[in-house]
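Right under this line is the structure:
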């Protein structure tokens, strides 16, 4: 199985940049297609798709969110961080079944 | 508007079984893959199963941790997908989410989830 590793917690100040990383145990890219996706989950809610294929913003998601990376290393950036961004963020790979998620990064405000 | 509604959760005894249902509307169900993803209390997300559409011969895929105990199915005429889980264990206690899946493997719409509790 492809294991995705995320740091458990990230603390940032409001208005600053948050950089959340996800490292895969093997490449999740096929040719130029990066099969890594990002989700946001607020307490008590279902997850919401933020970024697909590493860098594509999902419908209705603010441009403060962006994604980058390829191969095994991927990053979700939130700039600037707002109070409404307090949530858990999960990466997910679709390179191969089982379609694994990272363990999640909780974004906290300093 | 895309709508996804899961039903069928509840309290089940260890060793028991249940069938979760997921009714959808607001999109052409036939065109999409469908998935189940679960989340144990206070834990992260775990993909459970996927069923592809007719173009992919309704192929199914399962998480290894559940293989042999789960079956995913769909009824395109009802725009619905189902998850049958048997030999339930305490560690199957979780919120089960139904998600719409895209061919490149991401989940673009999620239901509110249904709680399954396995306890005697």
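Chains as they are written, first to last, in the working numbering: chain E, 1258 to 1367; chain C, 971 to 1090. Where a beta carbon is used, it is the ideal one built from N, C-alpha and C, also for glycine.
Identity of the residue in the options nearest residue i by Cα
i                       : options                           : result
residue 980 of chain C  : C:988, C:1011 and C:974           : C:988
residue 1351 of chain E : C:1067, C:1072, C:1064 and C:1068 : C:1072
residue 1087 of chain C : C:1000, C:972, C:998 and C:1010   : C:1010
residue 990 of chain C  : C:1039, C:1053 and C:1036         : C:1053
residue 1040 of chain C : C:1028, C:1061, C:1024 and C:1055 : C:1055
residue 1307 of chain E : E:1300, E:1301, E:1322 and E:1299 : E:1322
residue 1020 of chain C : C:1013, C:1012 and C:1002         : C:1002
residue 1070 of chain C : E:1305, E:1264, E:1259 and E:1278 : E:1305
residue 1315 of chain E : E:1349, E:1295 and E:1278         : E:1295
residue 1366 of chain E : E:1331, E:1360 and E:1337         : E:1337
residue 1288 of chain E : E:1310, E:1359 and E:1297         : E:1310
residue 1064 of chain C : C:1050, C:1082, C:1051 and C:1076 : C:1082
residue 1047 of chain C : C:1068, C:974 and C:993           : C:993
residue 1062 of chain C : C:1085, C:1078, C:1079 and C:1077 : C:1085
residue 1331 of chain E : E:1303, E:1317 and E:1346         : E:1346
Assigned exposure category for residue i - 16 Cβ within 10 Å defines buried
i                       : result
residue 1340 of chain E : exposed
residue 1319 of chain E : exposed
residue 976 of chain C  : buried
residue 1266 of chain E : exposed
residue 1271 of chain E : exposed
residue 1060 of chain C : exposed
residue 1283 of chain E : exposed
residue 1355 of chain E : buried
residue 1326 of chain E : buried
residue 1049 of chain C : buried
Residue i, enclosing beta strand (DSSP E) - first and last residue
i                       : result
residue 1069 of chain C : 1064-1071
residue 1005 of chain C : 1003-1009
residue 1280 of chain E : 1275-1281
residue 1296 of chain E : 1293-1298
residue 976 of chain C  : 973-977
residue 980 of chain C  : 980-982
residue 1084 of chain C : 1084-1088
residue 1308 of chain E : 1305-1309
residue 1345 of chain E : 1345-1350
residue 1030 of chain C : 1030-1032
As assigned by DSSP and simplified to three states, the class of residue i
i                       : result
residue 1047 of chain C : helix
residue 1320 of chain E : coil
residue 1078 of chain C : strand
residue 1331 of chain E : strand
residue 939 of chain C  : Missing from the structure shown is residue 939 of chain C; chain C here goes from 971 to 1090 and no further.
residue 1025 of chain C : helix
residue 1037 of chain C : coil
residue 1268 of chain E : strand
residue 1365 of chain E : strand
residue 1016 of chain C : strand
residue 993 of chain C  : strand
Any non-hydrogen atom of the ligand PLP within 7 Å of residue i CB
i                       : result
residue 1271 of chain E : Among the components of this structure there are no ligands whatsoever, and the ligand PLP is therefore not found.
When Cβ atoms are compared, which residues of the segment 1057-1086 of chain C fall closer than 9 Å to chain E? 1065, 1067, 1069, 1071, 1072, 1074, 1075, 1076, 1077, 1078, 1079, 1080, 1081, 1082 and 1083
Near-chain E residues of the segment 1008-1030 of chain C (beta-carbon distance less than 8 Å), N- to C-terminal order: 1014, 1015, 1016, 1017 and 1020
Name, going along the chain, the residues of the segment 1032-1048 of chain C whose beta-carbon falls closer than 9 Å to a beta-carbon of chain E. 1032, 1033, 1034 and 1035
Any residues in the segment 1350-1366 of chain E with a beta carbon nearer than 7 Å to a beta carbon of chain C? Which ones, in chain order? 1351, 1354, 1355, 1356, 1357, 1358, 1360 and 1361
Under 8 Å, CB to CB, which of the residues in the segment 1300-1313 of chain E have a partner in chain C? 1303, 1304, 1305, 1306, 1309 and 1310
Where the segment 1319-1350 of chain E meets chain C: residues whose CB sits under 9 Å from a CB there: 1345, 1347, 1349 and 1350
Along the segment 1270-1293 of chain E, what residues have a CB closer than 8 Å to any CB found in chain C? 1290 and 1292
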